[in-house]
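Residues -15 to -1, 1 to 274 (mature numbering (1 follows the signal peptide of the UniProt record, and there is no 0)) make up the sequence shown, in order.
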Amino acid sequence: MIRLVFLLFITTVISSSVYRPIVLMHGIIASAHDMDELAGWLRTSFPGIYVTSIEIGNGVEDSFLWPLEKQVEHFCRHVLADEHLRQGFNLLGYSQGSIIARGALERCSLPVHNLITLSGVHQGVFGVPYLIMLPAQFRELITKYAYEKPVQNTISAANYWRDPDRLKKYTSECHFLPDINNEHEVRNETYRANMLKLNAFVMTYSDIDEIVAPRHSGVFMGYAPNSLHVETWNNSRQFTEDLIGLRTLFEQGKLYTFTSHVKHQDVPHKPNKDFLMKNIFPFFNNTLS
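Below you can see the structure in the form of C-alpha cells.
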C-alpha cells in the first residue's frame, strides 16, 4: 500500500512538471519558418513543450534591412508579451539570430535559463563569404562603407562587421556588436550581470561553414588586430577582461562549445539532426517545477 501511494505521488509530480518553454530566433535572409523543422523535433522529443519562433517584421527582407537595435527591440516586445514565457524559458538563436538572442537577454533582462547559439556571429564577421547571402547591391556598401551611419542604420550585417584593420572605427562607429560585447570604455554591468544569471551558455560552430568568417565567431573567437588569424580565448580581451562574463561562466562550468560538420544553411535542418539531438537537446530537458 505504501509503495502504491509512493508511485502515485511520483507519477503526479512528473505529470505536473512542465518542460521549460523554448524560444527560437532565425538568421539573416530568413523567416520564422526556417526554424520549423527544428521546432518539430523539439515538440516530438519533449511532449507538451511550448515552442515559439519569433518573426522579425516580415521575415526575409526585414531580417537584413532592419538594424539590429530595432530587431532586438521587436524581439523583446514579442517575448515579454507572451504569457507562456513569464516563468522563464530556454533561448536558441541561429546565425545572426545568435546576437539578437544574446542582445535581447542582455538588454531586456529576459528570464533565460539556457542560452544556445548555433553557428553564431558573436565576434562579428569579415570577408566576402558572409556577403554572398546578401543581395548584390548591398555587398559593396558593406565592404566599403560599413561604418558609415546610413549603412549602419539600414543593413543589419553592418552592425557586426568587424574589420580587424579598423578595430578603432569598428568600436566607435559600429552600432550594435561593440555594445553588447561590452567593448566600449564605459561598460554596461547590467549586460554582464544578465549573462551571469544563465544556467548554461552553449555555443556551436561548423568546421566547414562556408558563410561565417571566421567560422570560430560562433564560439566567440574573432580575427586578431590587423590579422586574419583567429584569436584564441586566452589572447582575447573579451575573455581575459571578462567583458560580458565569459571567463566567469567558463570557471563556473557553465560555458559549453561544440563543433558540427555541416554547411551553414544546414545547421537547423536534417543534415545536422543527429548532432543537435546528441549535443544540444539535453539543454532543453528541464522543467519549470
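For glycine and all other residues, C-beta sits at the position ideal for the given N, C-alpha and C.
(message) Whole angstroms are fine: how far does the CA of residue 137 sit from the CA of residue 159?
(response) 7 Å
(request) Let me know the secondary structure DSSP gives residue 88 once reduced to three states. (result) helix
(message) Taking the straight line between their C-alpha atoms, what separation do you get for residue 143 and residue 131?
(response) 5 Å
(message) Classify residue 164: buried if its beta carbon has 16 or more other beta carbons within 10 angstroms, exposed otherwise.
(response) buried
(request) Return the first residue and the last residue of the alpha helix (DSSP H) that residue 157 is part of. (result) 152 to 158
(message) Tell me the DSSP secondary structure of residue 286 in three-state form.
(response) This structure leaves residue 286 out entirely; the chain is present only between -15 and 274.
(request) Look at the Cβ atom of residue 239, then the Cβ atom of residue 166, and state whether they are nearer than 8 Å. (result) no
(message) Among 189, 61, 169, whose alpha-carbon lies nearest the alpha-carbon of residue 8?
(response) 61
(message) Can you list, in chain order, the residues of its chain with a C-beta nearer than 7 Å to that of residue 192? Leave out the 5 residues immediately preceding and following it.
(response) 200, 244, 246
(request) Look at the alpha carbon of residue 101 and the alpha carbon of residue 253, and state the distance between them as a whole number of angstroms. (result) 12 Å
(request) Leaving aside the five residues before and after residue 85 along the sequence, list all residues of the same chain whose C-beta is less than 7 Å from its C-beta, in chain order. (result) 10, 53, 56, 57, 60, 78
(request) In angstroms with no decimal places, state the Cα-to-Cα distance between residue 97 and residue 221. (result) 26 Å
(request) Output the distance between the C-alpha atoms of residue 227 and residue 235, rounded to the nearest integer angstrom. (result) 10 Å
(request) Could you spell out where the beta strand (DSSP E) holding residue 41 opens and where it closes? (result) Careful: residue 41 lies outside any beta strand (DSSP E) and carries neither H nor E.
(request) State whether the region 201 to 214 contacts the region 265 to 274, with contact taken as three or more CB pairs (one from each stretch) at a distance under 8 Å. (result) no
(request) Locate the alpha helix (DSSP H) running through residue 128, then write down its first and last residues. (result) 121 to 130
(message) Does chain D have any CB closer than 8 Å to the CB of residue 132?
(response) Looking at the structure shown, chain D is missing, and only one protein chain is on hand.
(request) Please work out which residues of its chain come closer than 6 Å, Cβ to Cβ, to residue 205, disregarding the five sequence neighbours upstream and downstream, and give them in chain order. (result) 107, 108
(request) Quick one: grab the DSSP three-state call for residue 270. (result) coil
(request) Decide if residue 92 is buried, meaning its Cβ has at least 16 other Cβ atoms within 10 Å, or exposed. (result) buried
(request) Taking residue 8 as part of the beta strand (DSSP E), name the residues at either end of that continuous run. (result) 7 to 10
(message) At the level of alpha carbons, what is the spacing between residue 197 and residue 186?
(response) 20 Å
(request) Find out if the Cβ-Cβ distance for the pair residue 176, residue 229 is shorter than 8 Å. (result) yes
(message) Within 10 Å of its beta-carbon, does residue 249 have 16 or more other beta-carbons around it, so buried, or fewer, so exposed?
(response) buried
(message) Using only the alpha-carbon positions, how far apart do residue 190 and residue 233 sit?
(response) 21 Å
(message) List, from N- to C-terminal side, the beta strand (DSSP E) runs of 3 residues or more that fit wholly inside the region 181 to 213.
(response) 185 to 191
(message) The beta strand (DSSP E) that contains residue 98, what's its start and end?
(response) 97 to 103
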